[in-house]
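K.L.:
As given, the protein sequences belong to chains A and B, one line each in that order. Note that the first sequence covers residues 1 to 202 in the numbering used here. Note that the second sequence covers residues 1 to 202 in the numbering used here.
2 protein chains.
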Amino acid sequence: MAVLPEPVQNLINAFERLPGIGPKSASRLAFYLLRSQDDISQKLAEALLALKSSTSFCSVCYNITLSSRNVCEICSDSGRDASSICVVEEPLDVLVLERTGGFQGLYHVLHGVLSPIEGIGPADLKIAALMERIKDGKVREVIVATNPSMEGDATALYLRQQILPLGIRVTRLARGLPVGSDLEYADQNTLLRALAGRQELI
Amino acid sequence: MAVLPEPVQNLINAFERLPGIGPKSASRLAFYLLRSQDDISQKLAEALLALKSSTSFCSVCYNITLSSRNVCEICSDSGRDASSICVVEEPLDVLVLERTGGFQGLYHVLHGVLSPIEGIGPADLKIAALMERIKDGKVREVIVATNPSMEGDATALYLRQQILPLGIRVTRLARGLPVGSDLEYADQNTLLRALAGRQELI
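The following block contains the structure:
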């Protein structure tokens with residue numbers, strides 16, 4: 001005998017398919033929605049349905065944008081520095097970098113990283129589009145902001161190989177101790193990187 | 001300038017209203033759905049819309065059931081022991097207890113607990129319905145399975161006061177050390193309860 005009515009079980013199953021939500025959180029969310037006002041689940045449902053139909057990728061940088069736009073807000077903003085392009089793995093990374101307010105250039109979203117194990121090669125990423133973008137000579141620096149992981153590093157090295165011959169500077173985000181962290185909790189690799197990348201105190 | 005297209009921001013806002021989902025998890029979920037197949041967000045949206053329209057409360061025990069049913073599956077199951085009623089705070093608690101397979105009686109969902117601070121009194125809970133249910137003399141035991149919190153205990157005491165005069169046994173779930181736990185990590189109150197409730201080794 002099923003203990004849960006089917007609609008509740010369906011919702012729990014749908015929540016469980018999301019990353020970071022296990023069976024317990026999924027039940028909790030479903031029962032929370034059951035006893036909350038109608039508009040919470042209504043608004044979530046509407047936002048979900050609108051998500052894919054009203055968004056698309058920018059034709060220049062492949063970031064998420066409204067489907068009514070061909071080019072995203074960042075790419076079409078003439079106030080930004082077009083001589084520097086920051087390459088990231090996912091659209092979420094653009095958001096994170098924008099929140100810092102520390103970068104005034106443009107972005108390029110690869111939509112993944114090179115991963116021989118998962119069979120993801122250069123052709124599966126937006127690398128050809130990046131090469132096309134930078135070959136006109138206006139770009140002077142490409143900042144590779146892929147994650148500081150094995151795959152992120154491999155992707156950065158690959159990009160460097162491709163881009164350096166064009167006479168464009170290729171840089172990578174600094175590795176080191178996170179601000180506010182504690183030396184004794186830092187892992188060995190991070191400490192080694194922090195040592196190797198030490199800078200003059202001026 | 002908004003960095004995120006409105007549909008994405010709407011979805012992030014909708015996720016953030018759910019319990020246990022903060023701004024970072026909400027962004028992560030939205031961007032996960034953006035790059036996943038359409039049917040994941042589609043199914044979640046459908047399940048959300050169906051939730052309230054196709055569920056209602058059982059007219060006997062106030063557990064969640066299909067809106068096509070008046071009485072839930074547990075209450076209408078003649079194989080269950082109608083002489084014992086387990087009183088819980090929320091419908092989710094019924095699910096959790098059913099999963100143990102250790103209770104064959106019926107349930108009664110209060111939909112909350114007594115809380116003078118939040119202004120929740122007996123009339124705000126399904127207590128009158130419970131008293132109505134048990135006054136015919138068929139019920140021999142009421143197991144109060146409200147949470148082992150201040151409010152859960154207060155509600156249990158109130159129910160005991162109301163029910164004992166009817167000559168019905170009122171019990172409460174045992175408090176003590178959780179199975180598989182470590183004595184040294186137990187809090188003082190739990191240890192005191194475990195000591196007070198110690199049982200003969202037989």
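Even for Gly, the Cβ is constructed at its ideal location relative to N, Cα and C.
1) Mind checking whether T55 of chain B and L34 of chain A have CB atoms under 8 Å apart?
2) Would the beta-carbon of P122 of chain B fall within 8 Å of that of L114 of chain B?
3) Where do the ends of the alpha helix (DSSP H) carrying F15 of chain B lie?
4) Which of the three DSSP states, helix, strand or coil, is assigned to L177 of chain A?
5) What first and last residue would you give for the alpha helix (DSSP H) that runs through V94 of chain A?
6) In the region 16-36 of chain B, which residues sit with their C-beta less than 9 Å from some C-beta in chain E, listed in chain order?
7) Listed in chain order, which residues of the region 89-101 of chain B have Cβ atoms closer than 9 Å to some Cβ of chain A?
8) Are the CB atoms of I85 of chain B and I134 of chain B nearer to each other than 8 Å?
9) Beta-carbon within less than 7 Å of M1 of chain B's beta-carbon, same chain only, minus the 5 sequence neighbours each way: which residues are those?
10) Could you name the residues that DSSP lists as bridge partners for F57 of chain B?
11) Within the same chain, show all residues whose beta-carbon is closer than 7 Å to that of A186 of chain A, passing over the 5 residues directly before and after it, in chain order.
12) Return no unless some Cβ of chain B is closer than 8 Å to the Cβ of D38 of chain A.
13) Run down chain A in chain order and give the residues with a C-beta less than 7 Å from the C-beta of I64 of chain B.
14) What whole-angstrom Cβ distance do S83 of chain A and R140 of chain A have, given they're in contact under 8 Å?
15) Name the DSSP beta bridge partners of Y107 of chain B, please?
16) At what residues does the beta strand (DSSP E) containing T146 of chain B begin and finish?
17) Compute the distance between the beta-carbons of L48 of chain B and S41 of chain A, then report whether it is under 8 Å.
18) Return no unless some Cβ of chain A is closer than 8 Å to the Cβ of A14 of chain B.
19) According to DSSP, simplified to helix, strand and coil, what is E141 of chain A?
20) Going along chain A in order, which residues have a C-beta closer than 9 Å to the C-beta of L44 of chain B?
21) Between L195 of chain A and the rest of its own chain, which residues show a CB-CB distance below 6 Å, the 5 nearest in sequence each way excluded?
22) Could you give the residue range of the alpha helix (DSSP H) that holds R69 of chain A?
23) Along chain B, which residues have their Cβ under 8 Å away from the Cβ of Y51 of chain A?
24) Using the rule of at least 16 other Cβ atoms within 10 Å of the residue's Cβ for burial, across every protein chain shown, is D38 of chain A buried or exposed?
P.N.:
According to the data block:
1) Indexing the second sequence from 1 puts residue 55 of chain B at position 55. Indexing the first sequence from 1 puts residue 34 of chain A at position 34. The criterion of a C-beta distance shorter than 8 Å is satisfied by T55 of chain B and L34 of chain A.
2) Position 122 of the second sequence, counting from 1, holds the residue named residue 122 of chain B. Position 114 of the second sequence, counting from 1, holds the residue named residue 114 of chain B. In this structure, P122 of chain B sits near L114 of chain B, with a CB-CB distance shorter than 8 Å.
3) The residue labelled residue 15 of chain B in the question sits at position 15 within the second sequence. First-last of the alpha helix (DSSP H) with F15 of chain B: 6-16.
4) The residue labelled residue 177 of chain A in the question sits at position 177 within the first sequence. Residue state for L177 of chain A is assigned as coil, using DSSP reduced to three classes.
5) Within the first sequence, the letter at position 94 stands for residue 94 of chain A. Unbroken alpha helix (DSSP H) run through V94 of chain A: 91-100.
6) Absent from the structure: chain E. Protein chains present are A and B.
7) Flagged, chain order: E90, P91, L92, V94, L95, V96, E98, R99.
8) Taking the second sequence and counting its residues from 1, the one referred to as residue 85 of chain B is at position 85. Taking the second sequence and counting its residues from 1, the one referred to as residue 134 of chain B is at position 134. Yes; because the gap between Cβ atoms is below 8 Å, this pair is in contact.
9) Working through the second sequence from its first residue, we reach residue 1 of chain B at position 1. No answer about M1 of chain B holds up, because its pLDDT of 43 lies below 50 and its placement is not dependable.
10) For the purposes of this step, residue 57 of chain B is taken as residue 57 along the second sequence, with counting starting at 1. DSSP links F57 of chain B through a beta bridge to B:I64.
11) As a working note, residue 186 of chain A is residue 186 in the first sequence. So the qualifying residues of the chain are L177.
12) In the first sequence, the residue the question calls residue 38 of chain A occupies position 38. Chain B contact via Cβ: present.
13) For the purposes of this step, residue 64 of chain B is identified with residue 64 of the second sequence, where counting begins at 1. Neighbours of I64 of chain B in chain A, taken as residues at a C-beta separation under 7 Å, are given in chain order as P5, V8, L34.
14) Counting from one through the first sequence, the residue named residue 83 of chain A turns up at place 83. Counting from one through the first sequence, the residue named residue 140 of chain A turns up at place 140. By a beta-carbon distance limit of 8 Å, S83 of chain A contacts R140 of chain A. Their separation comes to about 5 Å.
15) Counting from one through the second sequence, the residue named residue 107 of chain B turns up at place 107. Its beta-bridge partners are B:C86.
16) Position 146 of the second sequence holds residue 146 of chain B. Note, T146 of chain B: premise wrong, no beta strand (DSSP E); not H, not E.
17) As a first step, residue 48 of chain B must be located in the second sequence, where it is residue number 48. As a first step, residue 41 of chain A must be located in the first sequence, where it is residue number 41. Cβ atoms of L48 of chain B and S41 of chain A: closer than 8 Å.
18) By 1-based counting over the second sequence, the position of residue 14 of chain B is 14. Under the 8 Å criterion on CB atoms, A14 of chain B is classed as interfacial with respect to chain A.
19) As a working note, residue 141 of chain A is residue 141 in the first sequence. Strand.
20) As a first step, residue 44 of chain B must be located in the second sequence, where it is residue number 44. The answer, in chain order, is L11, A14, F15, R17, L18, L44, A45, L48.
21) Counted from its first residue, the first sequence places residue 195 of chain A at position 195. The answer is none, since no qualifying residue turns up.
22) Here the question's residue 69 of chain A lines up with position 69 in the first sequence. Careful: R69 of chain A lies outside any alpha helix (DSSP H) and carries neither H nor E.
23) Position 51 of the first sequence, counting from 1, holds the residue named residue 51 of chain A. Inspection of the sequence shows that residue 51 of chain A is occupied by Leu rather than by Tyr. Neighbours of L51 of chain A across chain B, judged by C-beta separation under 8 Å: P7, V8, L11, A30, L33, L34, S41.
24) Taking the first sequence and counting its residues from 1, one reaches residue 38 of chain A at position 38. Exposed: under 16 other Cβ atoms inside 10 Å.
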